[in-house]
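Chemist: Have a look at this one.
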Amino acid sequence: MVTRTINGQLTSTAGFEELYPFEPHYADINGHKMHYVDQGKGRPVLMVHGNPTWSFYFRHLITGLSAGFRTIAPDHIGCGFSDKPSAKTYDYTLDQRVADLDALVRRLNINEKISLIVHDWGGMIGLAWALDNLDRVDKIVITNTSGFFLPASKRFPTALWAIKYLAPFAVPAVLGANLFARGALYLAPETRLPQSVKKGLVAPYNSWANRIATLKFVQDIPITANDRSYARVQKVDQGLNALSPDQLMFLWGTRDFVFDIHFLEEFKNRFPRSRAHVFEDAGHYLFEDKPGPTLELIQNFLS
Numbered sequence: 001m002v003t004r005t006i007n008g009q010l011t012s013t014a015g016f017e018e019l020y021p022f023e024p025h026y027a028d029i030n031g032h033k034m035h036y037v038d039q040g041k042g043r044p045v046l047m048v049h050g051n052p053t054w055s056f057y058f059r060h061l062i063t064g065l066s067a068g069f070r071t072i073a074p075d076h077i078g079c080g081f082s083d084k085p086s087a088k089t090y091d092y093t094l095d096q097r098v099a100d101l102d103a104l105v106r107r108l109n110i111n112e113k114i115s116l117i118v119h120d121w122g123g124m125i126g127l128a129w130a131l132d133n134l135d136r137v138d139k140i141v142i143t144n145t146s147g148f149f150l151p152a153s154k155r156f157p158t159a160l161w162a163i164k165y166l167a168p169f170a171v172p173a174v175l176g177a178n179l180f181a182r183g184a185l186y187l188a189p190e191t192r193l194p195q196s197v198k199k200g201l202v203a204p205y206n207s208w209a210n211r212i213a214t215l216k217f218v219q220d221i222p223i224t225a226n227d228r229s230y231a232r233v234q235k236v237d238q239g240l241n242a243l244s245p246d247q248l249m250f251l252w253g254t255r256d257f258v259f260d261i262h263f264l265e266e267f268k269n270r271f272p273r274s275r276a277h278v279f280e281d282a283g284h285y286l287f288e289d290k291p292g293p294t295l296e297l298i299q300n301f302l303s
């Protein structure tokens with residue numbers, strides 16, 4: 001059994017240790033301890049998760065790719081086994097996330113070009129970093145995420161609106177009842193997640209204080225120019241055309257509650273020549289729904 005820490009407290013992986021057997025690594029990133037997986041040797045592949053997941057979500061890819069690649073999967077600050085500071089000591093914004101990712105890459109002293117695999121909020125974080133470091137990027141696998149503002153054809157989900165704007169509802173629901181992380185477990189439409197997988201996905205979010213990032217990620221979604229992360233998303237939105245279509249591959253579960261087909265169509269409008277693989281019977285947790293097919297596609301693309 002591997003033991004890790006959450007905010008300085010020892011925490012075991014009991015119940016899902018066979019699914020997540022990776023050696024823990026920690027880096028001091030901008031004053032906080034970031035946990036990350038670093039497995040295998042070869043060309044680096046950086047996996048950037050979203051909300052409310054953590055590096056556990058990439059376990060199939062880490063296992064499958066680490067035989068031929070160096071697979072790196074960090075937990076954002078506030079997520080997984082990284083520190084979970086209060087909002088008084090950490091700025092839970094997109095700019096801070098990009099700065100953290102850049103600090104980790106520099107800390108790891110990676111000299112080769114990096115391929116990225118991005119999901120959910122990790123898409124905006126990873127793409128923002130990529131656009132700041134175009135000469136350091138090899139390929140990008142983009143899955144159920146965004147790199148632009150809400151498409152005109154997509155309505156902002158009511159549940160996310162309530163979490164973003166209704167604090168009297170959001171604070172007890174997300175921080176108290178863990179509604180966001182637990183609710184996401186049931187958004188995989190075809191696959192009934194085993195109990196061990198459910199336990200692994202929510203394990204780091206085991207107290208009010210440890211769920212802060214799941215709330216702050218939603219509150220940071222930029223809808224208007226008054227939102228703090230609006231300018232950064234605008235920069236990514238307007239800068240995407242700097243990426244080459246040959247650099248990109250899209251993998252998409254169409255039954256996603258948020259990042260549905262509207263987002264994929266927007267990406268395809270911008271990159272019609274890029275490879276795209278659509279899974280009609282998969283949802284937001286695509287790598288849970290389709291671990292084998294997605295791994296094979298990614299292996300072929302990166303190779």
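Quick note, the sequence shown lines up with residues 1 to 303 if you use UniProt numbering.
Quick reminder that beta carbons are idealized off the backbone N, C-alpha and C, glycines included.
If we call anything under 8 angstroms between Cβ atoms a contact, is V137 one with L302?
Modeler: Taking 8 angstroms as the Cβ cut-off, V137 and L302 do not qualify as a contacting pair.
Chemist: Have a look at the DSSP bridge pairing and note the partners of H119.
Modeler: The partner list for H119 (beta bridge, DSSP) reads T143.
Chemist: Can you give the beta carbon distance from V118 to V48, rounded, assuming they're within the 8 angstroms contact cut?
Modeler: 5 angstroms between Cβ atoms; contact.
Chemist: Pop quiz: R70 and G31 are said to be a contact at Cβ under 8 angstroms. What is the actual Cβ separation, rounded to whole angstroms?
Modeler: Not really, about 26 angstroms apart at Cβ, beyond 8 angstroms.
Chemist: Measuring CB to CB, does R270 end up less than 8 angstroms from L251?
Modeler: Not a contact, by the Cβ cut-off of 8 angstroms.
Chemist: With a threshold of 8 angstroms, are at least 3 pairs of Cβ atoms found where one atom belongs to the stretch 252-263 and the other to the stretch 279-293?
Modeler: Touching, yes.
Chemist: With G68 as the anchor, note down where its alpha helix (DSSP H) starts and where it stops.
Modeler: It is not in any alpha helix (DSSP H) - G68 carries neither H nor E in the DSSP assignment.
Chemist: Compute the Euclidean distance between the alpha carbons of I29 and R211, then round it to the nearest angstrom.
Modeler: Each residue's Cα considered, the two are about 20 angstroms apart.
Chemist: I believe R97 touches I125 by the beta-carbon criterion, under 8 angstroms. Please report the beta-carbon distance rounded to the nearest angstrom.
Modeler: That pair is a contact at about 5 angstroms.
Chemist: With distances taken Cα to Cα, identify the nearest neighbour of Y230 among F148, Y90, F81 and S115.
Modeler: Closest by alpha carbon: F148.
Chemist: Check the C-beta distance from L104 over to P74 and give it rounded, since I have them as a contact under 8 angstroms.
Modeler: 6 angstroms between Cβ atoms; contact.
Chemist: Within a Cβ cutoff of 7 angstroms, which residues of the same chain sit near D83, ignoring the five residues on either side of it in sequence?
Modeler: Result list for D83: N7, H32, K33 and I77, in chain order.
Chemist: Provide the residue span of the beta strand (DSSP E) that contains D38, from first to last.
Modeler: Run containing D38: H32 to Q39, per the beta strand (DSSP E) assignment.
Chemist: By the DSSP assignment, the beta strand (DSSP E) with K26 in it spans what residues?
Modeler: The sequence given here has Tyr at residue 26, not Lys. From DSSP, the beta strand (DSSP E) with Y26 extends over H25 to I29.
Chemist: Measure from the alpha carbon of T294 to the alpha carbon of each residue in G50, Y57 and V37, then state which is nearest.
Modeler: Closest by alpha carbon: Y57.
Chemist: Using CA atoms only, rank isn't needed, just tell me which of G122, L116, G40 and L108 is closest to I221.
Modeler: Considering only alpha carbons, the answer is G122.
Chemist: Under 8 angstroms between the Cβ atoms of P157 and E266?
Modeler: Against a cut-off of 8 angstroms, the Cβ pair of E266 and P157 comes out as no contact.
Chemist: What whole-angstrom Cβ distance do P204 and H60 have, given they're in contact under 8 angstroms?
Modeler: The pair is not a contact, with the Cβ atoms about 19 angstroms apart (cut-off 8 angstroms).
Chemist: Return the Cβ separation of A128 and L94 in integer angstroms, given the expectation that the two are a contact with Cβ distance under 8 angstroms.
Modeler: Confirmed, about 7 angstroms.
Chemist: I'd like the span of the alpha helix (DSSP H) that includes L46, first residue to last.
Modeler: No alpha helix (DSSP H) contains L46, which is instead part of the beta strand (DSSP E) from R43 to V48.
Chemist: Quick check on the DSSP output: the beta strand (DSSP E) that includes V258 runs from which residue to which?
Modeler: From DSSP, V258 is part of no beta strand (DSSP E); its letter is neither H nor E.
Chemist: For D220, name the three-state secondary structure that DSSP assigns.
Modeler: D220: coil per DSSP, three-state reduction.
Chemist: Is DSSP giving L193 helix, strand or coil here?
Modeler: In the structure shown, L193 sits in coil (DSSP, three-state: anything other than H, G, I, E or B).
Chemist: Which first and last residues belong to the beta strand (DSSP E) in which A276 is found?
Modeler: First-last of the beta strand (DSSP E) with A276: R275 to F279.
Chemist: Between which two residues does the alpha helix (DSSP H) holding N109 run?
Modeler: Premise fails: N109 is in no alpha helix (DSSP H) and is neither H nor E.
Chemist: Could you tell me which whole alpha helix (DSSP H) segments of length 4 or greater appear in the stretch 147-211?
Modeler: Here the runs fully enclosed are 158-165, 167-170, 179-184 and 195-202.
Chemist: Go through its chain and collect everything with a Cβ distance to R182's Cβ below 7 angstroms, but skip five positions before and after it.
Modeler: Same-chain partners within the cutoff: V202.
Chemist: Tell me whether I298 sits in a helix, a strand or coil according to DSSP, three-state version.
Modeler: Helix, per DSSP.
Chemist: Return the residue from the list A27, S207, N226 and P172 that minimises the CA-CA distance to L108.
Modeler: Comparing Cα positions, the closest option is A27.
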